[in-house]
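>
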Amino acid sequence: MKTETPNTRYWRSLEELERTDEFKDFAFREFPEGADKLDGVDRRRFLQLMGASTALAGASSCRWEKTNILPLAERPEDRIPGVPEHFATAMELGAAAQGLVLTSYDGRPIKVEGNDQLPGTQGAASCFAQGAILELYDPDRSRVLTRDGNEQKGWAPFDAWFDQELSRLEAKSGAGLAILHQPTSSETAKRLVAKVKARFPQARVAAYAPVDRATERAGGELAFGRPVRTHFRLDGAKVIATFDGDLFSGHPDELRHARDFAKHRRPEEGWMTRLYSVESRFTSTGSLADHRLPVRSESVGAVLAALEATLIAKGATVPSGWGSPSAAPSGALLDAPRTKKFVDALANDLLAHRGECVIQVGAGQTAPVHAVAHRINAMLGAIGKTVVLTDEPVVSGTAELEALVAAMRGRQVETLFVLGGNPVYDAPADLDFEAALGEVGSVAHLALYADETSAASTWHLPQAHFLESWGDARAWDGTHCLTQPLIHPLYKGRTALELLARMGGELFADSQELVRATFDERYATDDSGWRRALHDGFVAQSAFGAITPAGRGFAAPSFPPSALAAGIPANGSLELTLFPDASTYDGRYANNGWLQELPEFMTKLTWDNAALIGPATAKSLGVKHEQLVELEIDGRKLECAVYVMPGQAAGAVGLALGYGRTRAGHVGGLIDEDAPSVGFNSYRLATSAAGWSATGLTVKKTGRTYKLASTQDHQDIDTTGLVEREARIEDLARHQTLEQYTEHPDAMQQTLLGTHYPPLQSLWKEFEYAGNRWGMSIDLSTCTGCNACVIACQSENNIPIVGKEQVINNREMHWLRIDRYFETGEAEEHSYAPHESAKPVEHRSHGELDEDNPRVHRQPVGCIQCEMAPCEQVCPVAATVHSDEGLNDMVYNRCIGTRYCSNNCPVKVRRFNFFNYHKDLKDPDNAVKKLGFNPEVTVRHRGVMEKCTYCVQRIQAVKIDARNKKRPIEDGEIVTACQQTCPAEAITFGDLADEKSAVRKKHELPRGYAMLAYLNIKPRTAYLARVTNPNPELV
Amino acid sequence: MAGKTYAPLKGIDNTGDVPGPRTPLILENKTYGQITEQVCSVVEDPKVHRTWLLSFMAAVTFLGVLFSLIVYLIVTGVGVWGNQIPVAWGWPIVNFVFWVGIGHAGTLISAILFLLRQDWRTSINRFAEAMTIFAVVCAGTFPGIHVGRIWLAYWLFPLPNQMLMWPNFRSPLLWDVFAVGTYASVSLVFWYMGMIPDLATIRDRARHPLRRLGYGILSLGWRGSARAWHRYERAYLLLAALATPLVLSVHTVVSFDFAVSQLPGWHTTIFPPYFVAGAIFSGFAMVVTLAVPARAFYGMRNIITMRHLENMNKVILATGSMVGYAYSMEFFIAWYGGNKYEQFAFMNRAFGPYAWAYWTMVSCNVITPQIFWFKKCRTSIPIMMVAAILVNVGMWFERFVITVTSLARDFLPSSWGYFHPTIVDILMLIGSFGLFFTLFLLFLRFLPMIAISEVKSVMPFPKPTQKQPSEVESAPVPSVN
């Protein structure tokens, strides 16, 4: 941001040189009044604005080469109008950076992809990162500063107050000053905080975010005497055991985990890894597991301790220095045959794969449990091989916040700067942060939205979005990533770094200088090094080095009797587990419609969180799906809807964080403007002491019901449907064990449902393809259900969101969905078993499956681009037609919306615009949203059918380029949006006519099959059957 | 014959056939003049009956509801209905098929029964044909407004255009456009042509010049010459021959909308005959539903006699049983065909979440008509009225069951859904009845509801072989009670 420092070397006008008040005011606002109103600019005004912008090109200090709204007389290098540019940047979430590459059209970023140069992302991006586009252009973002709720004219009033306040506090060497920021791995932030501390020695600086990995850090301190960060090399692990693990769902390194795990889940590529999961909530990690043991969170550690004892009993030796583990806990849970068998088999498997195994404990577990995991990893020789330790630079936890709140309550804080975050909403309920704020003289809150904390603060300051900001952060592996702005701040927001710099007294004309200063300080390099790093998005070779700290003895974790008890605990001593949400994270993404409408993989729930209760527990409590219950723990109460979730451990109630926002925005809840809160605020049940899970929960029925919007039926359906669904999984989402695969690799080629059909003959003359035949393959073995592809598709193809009511009405618009099926083994028990007749091989190995421990099958389904497409035959106006490359093209302009194609689509991937879902764009306030659309893809009107196109715009872009350069299209050159972002590389796209193409090879794999082939639809998308690797001991 | 009086045939039960003289089709032994008077007086009555007016006002109100909802629909989008994915066709298509089905009886009665020389048709054919036209009007409304971009619905027609685009001739929906279009136009011509002599009669009787002008234009200069009658009867025969295949074709093609798709529960070869039988079934039920009150209100019991009603009930019994057979065959073929997806489609219909609709359909369509095995039921006005209404309800449900239950659960269980109608769906169905009854009540008031000239042809006098009414009276026909 611009400072008031006179810049007299370069000047545009005499007014500037003289720094008249008019000029200051003019320059300050950057765009004169009205410029941000995107509509209704008449010619005269337009010219005025143009003139002003031209003048400002030199006057305001820009973040990047600033362009005028006049056509450029001289084109900046490499910028061709209409040709997208790509810039590397990074997003920090959970104090770890995700390297990103942004696609920018004419200066506006429209698509987020992962940085393929970084080992942690390898081209993939999480849903949160991809949702940033919608967040950037969210019209609900705060646009003005407010003081006590009154709008201020620009930053000037704040700057005046700020400077005055700082000099006042400086006189007291910072006593009474406090800063609450987000935990960060930013080196610049670290540098600037140090400067602030130097200027204000008595200032309090605290970091807080509700979602952290504090117990992991503490566990490292217990085990090694210093905080360590644990990295897993899953591509080298033959046995992986997770304990309340979040390897693929919520871990900062989840993208890498998925990529590495996938490497050894493809049976044709050598050995297969085996995954065990002990967990309370049914996570996508657990759903990937070959063996899963559902136990409550409090019992997970006990199972781990029992595992350690079993390992020792079976001959594993504890390395020296670690002390001796105390006796194994015992109790009904651990003595149960199922647990015993599981632990026994796991121990044998681990011992057979020393040095090639991983024990991972999730962030929800306590520090001693993490320490035990370290010890087991050490015992098994995994540390240094599959488990790599580095320093942990990020301080997290609630201790700092607690100290700060205590100081606030003690009236020791006069001025508080809250830099990002939303503590009024997300601080533990027992701290009562809002009340503590009342004790502070002035509070300035920097945030993207005028949220709950802003309402309780003196000053609300609009924050610049990370896509508008300069910054830096370290990736999970320590690689130093740089954040560069893709667009000038839309609403003149500032970053936390800018405010910190100002507090620290660092002078800067441009916040790039702040990051550059850090860079120059750390790396001895010239300008080209900086440019290189900016171009790459990260500093090469900057990852943390591995450390090999010596282990030490520590007190064994203690388990209360309830943790060792089997069965369902009584109501009143149930367990409550809070966890970061897959859509809203900690609540910060509550106003992001893409994420809100993204079906959480396991529940398929959109627009809500709900109390996840296992079927048996729900039965014992007498509660049903979609009933409203009152959760009570330690006297704190919350009314919440019930979601009966198969696989949820007995007695465990899971509840996602991040809902029930009251000032998130028009999407996530803005009670002042009658936009109802989405979901239930689970922070009301959180305490700083209890951490993520606590026992003593009571569930009380209220007698009312609540409608939940899930995109797939929950399990509570009629028997006819339930049995049929289970039976069909065998045919639709095919799967077999490694053993069966080895014996009968092509068993998956056969139609398993025993469907009788005559020889397949086409009624019409079949199409002939002379050139490319585009095709896709989706590997069900590696898909983790992370939803990244769904968001990528939404962002790439301008897919609208429709809202909760319409999702309830089955009108969601996602072109790509991930089907999730539970397998409980009920189809076999039932007398009506439609698939009994045809089983080419005994390919099932259920073990002990039931409603409370089902297996999950996943299947991403977009348009499978049938060669003999049922949709094409029935469209009366020929709006969906076959291309000569085999795509089912949708001609939006020709579509009149009979919806016959959807009826005739066997996979139901067609989506219909029942309403004009872009109606809100007519509101001038929402005009900014238009910037986020992909200009290569039509925005569909109401009454028109739409569906997956295999990203035809991407195909065309490559084809055009290839034709211009008279070169053939290379295999792998065309990458669909879903494929690009898939961390597990489950999706392959290419030319089936090319015998050497990767997709052709996948189609020809023995486990490649066409879904519903008996309809003679000849789909271009082949699924690769899932191959699991169960332990023979447990089958 | 004027001036001669005959003993009235009141109290005669003409539902039985006895050896000997033919049972009269028209009762009360009226003269031609009296028949003309009886039918024309309804049209000529200057007094507006209170009952008619109230019914008409009610019908127009519902029609207004329909029109306002259509405007609302066009302004807002088809999302105002309960349609969704997977059930992309909901009530509008159900209503369409329902009304097309109703529209079958008229042409069947006027064309097929004409060719088969079923003389009893003359009393009800005008009535039934009018019903057909109005039902087709109702039916035609729905597909038109059903599409997502209503303003482009004309793209369904093969019109020359700047895009040089033909419609897709492989699409059953296009066949539907042709089939229903042809059927509607032929039915309209047939109905109108049959009405010309009667319109001329009204013209000739009209006193007010405006009436004379109006009916004069409508009767196309009919003078009743022998040559005109000759041409008229030839044309009528030809149109009957033309309309006969259409009776079969239109619902066959409508059934193709379903049968040609690959959806389990739709994709069955039994659909064409099954749909035609169902259509005749529902059409006759509707004729009974309308004829019973109309004949009572306008005093037409002597023309639309119990024999006519009984005959229609027999048709209902026969077609109802055919429909029942089709229902059971669907299950048999699903089992016998060995296709698991199809088996499930039918298991799901009968035992899934839509079982209530399925069993409503079966009880109304299969079980209810079985009471017509008994003559007492066939000839009881209250029983046949209830049965006919139940059949109408049942046939609506049949279309609902076929359309919605098959779509709701097709191949991929992940995409299964459950259809919930909205208030707009419900009001539009009611509104379509408003449209139908508005047209029908106008018809009753302004056009001859009985084919006067045709009825006269089946009266005893013109046929030399038939005996005089006085002799008939003495025949051993059992009297009522």
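Those protein sequences? They're chains A and B, same order as listed.
Residue numbers are given in our numbering: position 475 of the first sequence equals residue 475, and the series is strictly consecutive.
Residue numbers are given in our numbering: position 442 of the second sequence equals residue 10442, and the series is strictly consecutive.
Every residue, glycine too, gets a C-beta built ideally from N, C-alpha and C.
1. Taking 6 Å as the limit between beta carbons, can you name the residues of its chain near B/Phe10056, skipping five residues before and five after?
2. Give a yes or no on whether the C-beta atoms belonging to A/Thr415 and A/Glu165 are separated by under 8 Å.
3. Would you list, in chain order, the members of the stretch 10259 to 10273 of chain B that have their beta-carbon closer than 9 Å to a beta-carbon of chain A?
4. Just to make sure I have the definition right: I need the residues of chain B whose C-beta is within less than 9 Å of the C-beta of A/Val807. Which are they?
5. Give a yes or no on whether 8 Å exceeds the smallest Cβ distance from A/Gly120 to chain B.
6. What does A/Ser781 reach in chain B if we use C-beta pairs closer than 9 Å?
7. For A/Asn798, which residues from the same chain have a beta carbon less than 6 Å from its beta carbon, with the 5 sequence-adjacent residues on both sides left out?
8. Relative to the C-alpha of A/Ala90, which residue among A/Gly149, A/Gly321, A/Thr479 is closest?
9. Mark A/Gly691 as exposed unless 16 or more other C-beta atoms lie within 10 angstroms of its C-beta, in which case mark it buried.
10. Does any residue of chain A bring its CB to less than 8 Å from the CB of B/Asn10168?
11. Taking Cβ-Cβ distances below 8 Å as the criterion, which residues of the stretch 10356 to 10376 of chain B are in contact with chain A?
12. Would you call B/Ala10184 buried or exposed, if buried means 16 or more other Cβ atoms sit within 10 Å of its Cβ?
13. I need the boundaries of the alpha helix (DSSP H) containing A/Phe822, first residue and last residue.
14. Are the stretch 10418 to 10435 of chain B and the stretch 10039 to 10051 of chain B touching by the rule of at least three beta carbon pairs closer than 8 Å?
15. According to DSSP, is B/Thr10244 part of a helix, a strand, or is it coil?
16. Would you give the residue range spanned by the beta strand (DSSP E) that A/Asn888 belongs to?
17. With a Cβ-Cβ cutoff of 8 Å, do B/Ile10145 and B/Ile10070 count as a contact?
18. From B/Ile10381 to B/Val10292, what does the alpha carbon distance come to, in whole angstroms?
19. According to DSSP, is B/Thr10015 part of a helix, a strand, or is it coil?
20. Quick check: the Cα distance between B/Leu10159 and A/Asp451, rounded to an integer number of angstroms?
21. I'd like the span of the beta strand (DSSP E) that includes A/Arg474, first residue to last.
22. Using the beta-carbon count (16 or more within 10 Å), is A/Thr1028 buried or exposed?
23. For A/Arg811 and chain B, any beta-carbon pair shorter than 8 Å?
24. Residues of chain B with CB closer than 8 Å to the CB of A/Gly381, please, in chain order.
25. Which residues share a DSSP beta bridge with A/Ile179?
26. Of all the CB atoms in chain B, is at least one closer than 8 Å to the CB of A/Asn913?
27. Please list, in chain order, the residues of the stretch 873 to 886 of chain A that have any C-beta partner in chain B closer than 8 Å.
28. Which of the residues in the stretch 10403 to 10434 of chain B, read from start to end, lie with their CB under 8 Å from any CB of chain A?
29. Should the stretch 504 to 520 of chain A be regarded as contacting the stretch 186 to 195 of chain A, the criterion being three or more beta carbon pairs within less than 8 Å?
30. Is there at least one Cβ from chain B nearer than 8 Å to A/Tyr1009's Cβ?
31. Assign A/Gln541 to buried or exposed, taking buried as 16 or more other Cβ atoms, counted over all protein chains shown, within 10 Å of its Cβ.
32. So for A/Gly1073, helix, strand or coil by DSSP?
33. I'd like the list of long-range same chain contacts for A/Glu400, defined as Cβ closer than 7 Å, with 5 residues on each side in sequence excluded.
34. Classify B/Phe10400: buried if its beta carbon has 16 or more other beta carbons within 10 angstroms, exposed otherwise.
35. If you draw a straight line from the C-alpha of A/His264 to the C-alpha of A/Ser280, how long is it?
36. Interface residues of chain A around B/Trp10089 at Cβ under 7 Å?
Put simply:
1. Taken in chain order, the residues that qualify are Leu10441.
2. It is a contact, given that the beta carbons lie within the stated cut-off.
3. So the close ones are Val10260, Ser10261, Gln10262, Leu10263, Trp10266.
4. Per Cβ cutoff of 9 Å: no residues; A/Val807 is ~10 Å from chain B at best.
5. Chain B contact via Cβ: absent.
6. In chain order: nothing, as chain B lies at least about 19 Å away.
7. So the list reads Phe933, Asn934, Val937, Val939, once near-sequence residues are dropped.
8. Comparing alpha-carbon positions, the option among A/Gly149, A/Gly321, A/Thr479 lying closest to A/Ala90 turns out to be A/Thr479.
9. Around the CB of A/Gly691, 16 or more other CB atoms lie within 10 Å, so the residue is classed as buried.
10. Among the residues facing chain A, B/Asn10168 is included, as its CB has a counterpart in that chain under 8 Å away.
11. Hits within the stretch: zero.
12. By the 10 Å Cβ count, B/Ala10184 comes out buried.
13. Run containing A/Phe822: none in the alpha helix (DSSP H); it sits in the beta strand (DSSP E), 817 to 823.
14. Verdict: no, contact absent.
15. In this structure, B/Thr10244 counts as helix in the three-state DSSP scheme.
16. Counting along the chain, the unbroken beta strand (DSSP E) around A/Asn888 starts and ends at 888 to 890.
17. Yes, the Cβ-Cβ distance between B/Ile10145 and B/Ile10070 is below 8 Å.
18. In a straight line, the C-alpha of B/Ile10381 is about 7 Å away from that of B/Val10292.
19. Coil.
20. So the two alpha carbons sit approximately 57 Å from each other.
21. Residue range 471 to 474 is occupied by the beta strand (DSSP E) that includes A/Arg474.
22. Buried: at least 16 other Cβ atoms inside 10 Å.
23. Nearest CB-CB separation between A/Arg811 and chain B: below the 8 Å threshold.
24. For a Cβ distance threshold of 8 Å, nothing in chain B lies close to A/Gly381: the least Cβ distance comes to about 43 Å.
25. Bridge partners of A/Ile179: A/Val205, A/Phe417.
26. Judged by the 8 Å Cβ criterion, A/Asn913 is in contact with chain B.
27. Listed by position, the residues of the stretch 873 to 886 of chain A near chain B (Cβ gap below 8 Å) are Gln873, Val874, Cys875, Pro876, Val877, Ala878.
28. Along the stretch 10403 to 10434 of chain B, going in chain order, the ones with a CB nearer than 8 Å to a CB of chain A are Leu10407, Arg10409, Asp10410, Phe10411, Leu10412, Pro10413, Ser10414, Ser10415, Trp10416, Gly10417, His10420.
29. Flag = yes, the stretch 504 to 520 of chain A and the stretch 186 to 195 of chain A touch.
30. Closer than 8 Å to the CB of A/Tyr1009 there is not a single CB belonging to chain B.
31. Classification for A/Gln541: exposed.
32. This structure leaves residue 1073 of chain A out entirely; chain A is present only between 1 and 1035.
33. Within the same chain, A/Glu400 has close Cβ partners Ala206, Ala207, Tyr208.
34. So B/Phe10400 counts as buried.
35. Near 26 Å, if we compare the C-alpha coordinates of A/Ser280 and A/His264.
36. What B/Trp10089 touches in chain A: Arg899, Asn903.
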